[in-house]
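In the numbering used here, the protein residues as written are 139 to 454.
Even glycine gets a Cβ: it sits at the ideal position worked out from N, Cα and C.
Inspection log for the structure reproduced underneath, given as structure tokens.
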């Protein structure tokens, strides 16, 4: 029987205390899965602590452990893409290093793919217990807006933690865009995806690297990358405003012809000027955001830059 391989892609940013723990826990899960062998691809995303040293230590003791170290912090999206681009296994699984993505779910994901024949099995949180209420509320609002105004549908609570077959990995690799939003990319490429549900798990060590500002920026990136509805809305609103202004002008002309000259109110005039002036600036800023992203994409810059890696070394 030919043994199949699973590439375990683990993006890491200042996860020095969790590297060995996630490796050992995943190795334990590997022993429970017959007919499959794991290869570990750690992506050091410009960490400032001892994350890279911890990964090097693992690689020295286990030739299955490969790593890529970035020249600076390019972000988790770039780290996931780097792992996908360097995956050669029959399957690839993406998981966080903080153990909030339980490695034990890999077995359940693999069983789901084998029994249903689907292309991908992703983890989905059914609860947000332990998460700040404002973050939970913001996440739910984001998914509702995303599914309402974009061309893709992302299930509420779905994570980047997922097991994919080779065909889906190849499809994602063909999307080298610089402004990345992987949840949207996973949905856009299609393929048959099933879900494994689990309850939220707290970090074992360390603190989350996602601040509220970073999460808001991440949500904006996702919305703008996969939704053009805001531009359409701006166009429709501009058209309605122009029609309304024309009707108001006609009404004023008729009123003046019938009732004589009428002195307009100063307060209402100022309010209209301020309202439409502010709205115009907001719409221009929105259009500028889209144009700015187009500008960055046309530069053709790489998604990430390697500083150090052992991924191309010959394996025994």
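Report the three-state DSSP secondary structure of residue 454 (helix, strand or coil). Here residue 454 scores only 45 on pLDDT, less than 50, and its place in the model should not be relied on; the value that follows carries that caveat. Coil.
Neighbourhood of residue 264 by C-beta, 8 Å cutoff - its chain only, sequence neighbours within 5 removed: 295, 335, 336, 337
Taking buried to mean at least 16 other C-beta atoms within 10 Å of its own C-beta, is residue 250 buried or exposed? buried
Within this structure, are the beta carbons of residue 442 and residue 208 separated by less than 8 Å? yes
Starting from the N-terminal side, write out each stretch of the alpha helix (DSSP H) that is 4 residues or longer and does not extend beyond the stretch 193-258. 214-223, 243-254
Helix, strand or coil, according to DSSP, for residue 327 in the structure here? coil
Taking C-beta to C-beta, are residue 301 and residue 237 nearer than 8 Å? no
Closest by CA to residue 330, which one among 418, 174, 242, 258? 258
Based on DSSP bridge pairs, tell me the residues matched to residue 319. For residue 319, which the question treats as bridged, DSSP gives no partner whatsoever.
Residue range of the unbroken alpha helix (DSSP H) whose run includes residue 167: 157-168
Short of 6 Å in beta carbon distance, which residues of its chain neighbour residue 154, apart from the five on each side in sequence? Order them along the chain. 187, 188, 189, 192
Taking the DSSP output, what are the residues bridged to residue 145? 177, 230
On the premise that residue 174 lies in contact with residue 142, defined as a C-beta separation below 8 Å, what is that separation, rounded to the nearest angstrom? 5 Å
DSSP three-state label for residue 152, please. coil
Report all residues from its chain with a CB closer than 7 Å to the CB of residue 161; omit the five preceding and five following residues, and keep chain order. 178, 196
Apply the 10 Å Cβ neighbour rule to residue 234 and answer buried if 16 or more other Cβ atoms are within range, or exposed otherwise. buried
Quick one: Cα of residue 194 to Cα of residue 220, how far? 18 Å
Can you tell me where the alpha helix (DSSP H) holding residue 305 begins and where it ends? 304-311
Contact test: residue 201 Cβ vs the ligand MG heavy atom, cutoff 7 Å: Of ligands this structure carries none, so the ligand MG is not represented either.
Contact check, residue 260 vs residue 297, beta carbons under 8 Å: yes
Among 304, 327, 303, 305, whose alpha-carbon lies nearest the alpha-carbon of residue 313? 327
On the DSSP bridge assignment, give the partners of residue 260 in chain order. 300, 333
In terms of alpha-carbon separation, which member of 445, 446, 305, 322 lies closest to residue 227? 305
Residues in the same chain with beta-carbon distance under 7 Å from residue 454, minus the five sequence neighbours each way, listed in chain order, please. Reliability fails at residue 454, whose pLDDT of 45 lies under 50, so the model's placement of it is uncertain and the value that follows must be treated cautiously. Correct list, in chain order: 201.
DSSP puts residue 444 in a beta bridge; with which residues? 208
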